[in-house]
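Mapped onto my numbering, the consecutive letters of the sequence shown carry residue numbers 281 to 659. From the three backbone atoms N, C-alpha and C, an ideal C-beta is built for every residue, glycine too. Quick caveat: nothing in here was measured; it's all calculated off a predicted structure.
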Amino acid sequence: MNNPIALGQPTVGAEELAQVQRVFESGWLSGAGPTCQAFERRFTEVSGVGHTVATSNCGSALHLAQLALGISRGDEVVVGDYTFPATGHSVMWSGATPVFADVRQDIWSVDPDAVEASITERTVGIIAVDPFGQPADYDELRAIADRHGLWLVEDAACAAGASYKGRPAGSLADIACFSFHGRKGITAGEGGALSTDDAELADRARKLHTYGIAPALSREGAATLPVPEFDELGYNYRMSDVQAGIMLAQLDRLETLVANRRAVATAYGELMGDLEQVVLPVEADARVHPYQSYVIGIHPSLDRGAVALELRARGIGCNFGTYASHVQPLYGEQKPLPVSAELFARHLAIPMHANLTQDEVQRVAEAVREVVSLDLVRA
Ligand SMILES: *Cc1c(COP(=O)(O)O)cnc(C)c1O
Numbered sequence: 281m282n283n284p285i286a287l288g289q290p291t292v293g294a295e296e297l298a299q300v301q302r303v304f305e306s307g308w309l310s311g312a313g314p315t316c317q318a319f320e321r322r323f324t325e326v327s328g329v330g331h332t333v334a335t336s337n338c339g340s341a342l343h344l345a346q347l348a349l350g351i352s353r354g355d356e357v358v359v360g361d362y363t364f365p366a367t368g369h370s371v372m373w374s375g376a377t378p379v380f381a382d383v384r385q386d387i388w389s390v391d392p393d394a395v396e397a398s399i400t401e402r403t404v405g406i407i408a409v410d411p412f413g414q415p416a417d418y419d420e421l422r423a424i425a426d427r428h429g430l431w432l433v434e435d436a437a438c439a440a441g442a443s444y445k446g447r448p449a450g451s452l453a454d455i456a457c458f459s460f461h462g463r464k465g466i467t468a469g470e471g472g473a474l475s476t477d478d479a480e481l482a483d484r485a486r487k488l489h490t491y492g493i494a495p496a497l498s499r500e501g502a503a504t505l506p507v508p509e510f511d512e513l514g515y516n517y518r519m520s521d522v523q524a525g526i527m528l529a530q531l532d533r534l535e536t537l538v539a540n541r542r543a544v545a546t547a548y549g550e551l552m553g554d555l556e557q558v559v560l561p562v563e564a565d566a567r568v569h570p571y572q573s574y575v576i577g578i579h580p581s582l583d584r585g586a587v588a589l590e591l592r593a594r595g596i597g598c599n600f601g602t603y604a605s606h607v608q609p610l611y612g613e614q615k616p617l618p619v620s621a622e623l624f625a626r627h628l629a630i631p632m633h634a635n636l637t638q639d640e641v642q643r644v645a646e647a648v649r650e651v652v653s654l655d656l657v658r659a
């Protein structure tokens, strides 16, 4: 059999190692140091807004975002349902309640009408998810948020390099939160970032990500001996400077990595566009989709699990798409959200990363074509 083709793969090498070496030589390995500061400055070019706080992951960035925006116990937050459950969890970490809203059939981001219908007198904000990196309907969501006096957060975990109406992901809400987990488009293994154009929100988030005090770097070189005072409960949600070094090299690659993924998506579209048993992902108007994953819908006449096993038997990495949040037992009784539930049941992620060769893309498409017409994958 040919070599297996991985579902996802980071693109890391000598450039990342060289940056790590520089961090070692600097002597500052812990978080919120000079390399994090350099990363934060560089990341504002990606997000298009003035402030970045480097974080331990996207979940911690989401938690910090809501704390900075003033969330309290008992509040409700409307959340796009089709997502990795970090989004819902992050609301619960503040003792607030996620209220899940159904998503668009075509691009899987939260349906603005469903958001509006989910608002109650307890609602304080909206978290829209950019599914696999493709931005949600931010103009409509902003109008709803403004009409009801709510804040708007972008879960941009997969969206580095994406854009909406010419504006980059990271600039589309009051605060955006990114992930640099190993499965994302740019990665430090683990890591995250919070971006905002609001200096006050950035300051609040920065304080809370260092146990509630100013980061040590701000006391370096002081003429006195500043001793910080703890006046509120913060967390250790920092990115380490080692990770920030890796991220500097990843930012150099971002444009190429997104271009490579988009080329793979275009090729898949050409090679599989005629298949009746699968629905291919679409890029909606005025968006740039960074394709953190390439997810196809398996027709209900086929058994998705059987399709997956047959693909894996041919060395093709695959997995379900992401989660319908509202059916997760943690969140208790929720109203049915049929679109998200269907995506959760039918979606299959097939290999998508920036290192795929044309030959591999062809092999994946041929395997999908072969497998979906097998008798043994009929439902
Ligand atoms: C990956 C992901 C997260 C979680 O990111 P971490 O960095 O692992 O915390 C949150 N939301 C979405 C949409 C994701 O895809």
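What's the gap between the Cα of ARG402 and the Cα of ASP426? 16 Å
Are there any heavy atoms of ligand 1 lying less than 6 Å away from the beta-carbon of ASP435, as far as the coordinates show? yes
Report the CB separation of THR377 from GLU356 in whole angstroms; it is logged as a contact under 8 Å. 5 Å
Does the Cβ of CYS338 lie closer than 6 Å to at least one heavy atom of ligand 1? Remark: the C-beta of CYS338 is in contact range of ligand 1, defined as less than 6 Å to any heavy atom.
Is TYR362 helix, strand or coil by DSSP? strand
Measuring straight from C-alpha to C-alpha, what distance separates LEU528 and ASP583? 43 Å
So SER573 is in the beta strand (DSSP E); what residue range does that whole segment cover? For SER573, there is no enclosing beta strand (DSSP E), since its DSSP letter is neither H nor E.
For VAL409, write down the residues that DSSP places opposite it in a beta bridge. ASP435
Taking the alpha carbon of GLY311 as the point to measure from, which residue in LEU287, ALA496 and LEU628 has its own alpha carbon closest? It is ALA496 whose Cα lies nearest to the Cα of GLY311.
Name the two residues that bound the continuous beta strand (DSSP E) containing CYS457. 455–459
Using the C-alpha atoms, what's the distance from LYS464 back to TYR571? 10 Å
Using only alpha-carbon positions, find the residue among SER605, GLU550, LEU656 and GLN614 that is nearest to GLN638. GLU550
What is the rounded straight-line gap between the Cα of ALA485 and the Cα of GLY553? 45 Å
Report, in whole angstroms, the separation of the C-beta atoms of CYS438 and ALA345, which I expect to be a contact under 8 Å. Their Cβ separation, rounded to whole angstroms, is 16 Å, which puts CYS438 and ALA345 out of contact at 8 Å.
Cβ of PHE600 within 6 Å of any heavy atom in ligand 1? no
Measure the alpha-carbon distance for ALA298 versus VAL538 and round it to whole angstroms. Cα-Cα distance, rounded: 22 Å.
Would a check of beta-carbon distances place ASP382 closer than 7 Å to chain B? The structure shown contains no chain B, having only a single protein chain.
Work out the CA separation of SER653 and GLU535 for me, nearest whole Å. 37 Å
Can you name, in chain order, every residue of its own chain whose Cβ lies under 7 Å from the Cβ of PRO392, other than the five neighbours on each side? ASP417, GLU420, LEU421 and ILE424
If LEU452 and TYR444 are in contact, beta carbons under 8 Å, what's the gap, nearest whole angstrom? 6 Å
Our contact map puts PHE323 next to THR332 with C-beta atoms below 8 Å; I'd like the distance itself, whole angstroms only. 4 Å
Excluding the 5 residues flanking VAL522 on each side, which residues of the same chain have their C-beta closer than 7 Å to its C-beta? VAL300, VAL303 and LEU309
Would you tell me roughly how many angstroms separate the C-alpha atoms of VAL648 and GLY462, rounded to the nearest one? Near 25 Å, if we compare the C-alpha coordinates of GLY462 and VAL648.
Output the distance between the C-alpha atoms of ILE526 and ALA408, rounded to the nearest integer angstrom. 28 Å
Secondary structure at ASN599, three-state DSSP: helix, strand or coil? strand
Residue environment, LYS615, which counts as buried when at least 16 other CB atoms sit within 10 Å: exposed
Residues bridged to ARG658 [DSSP beta-bridge criterion]: DSSP, once it has assigned bridges, lists LEU582 as partnering ARG658.
Can you confirm whether the segment 553–564 touches the segment 579–597 when touching is taken to mean that 3 or more C-beta pairs between the two stretches lie within less than 8 Å? Contact holds: three or more Cβ-Cβ distances are below 8 Å.
Could you tell me which residues DSSP puts in a beta bridge with GLN380? The amino acid at residue 380 is misidentified as Gln; the sequence shows Phe. Partner(s): VAL359.
VAL522 lies in the alpha helix (DSSP H); which residues open and close that run? Element bounds for VAL522: 521–552.
Ligand 1 and THR546: does the residue's C-beta get closer than 6 Å to at least one heavy atom of that ligand? no
Cα-Cα, which of HIS428, THR400, ILE399 and ARG384 is closest to ASP410? ARG384
Would you say the beta carbon of GLY429 comes nearer than 6 Å to a heavy atom of ligand 1? no
Compute the minimum distance between the beta carbon of HIS633 and the heavy atoms of ligand 1, and state whether it is under 6 Å. no
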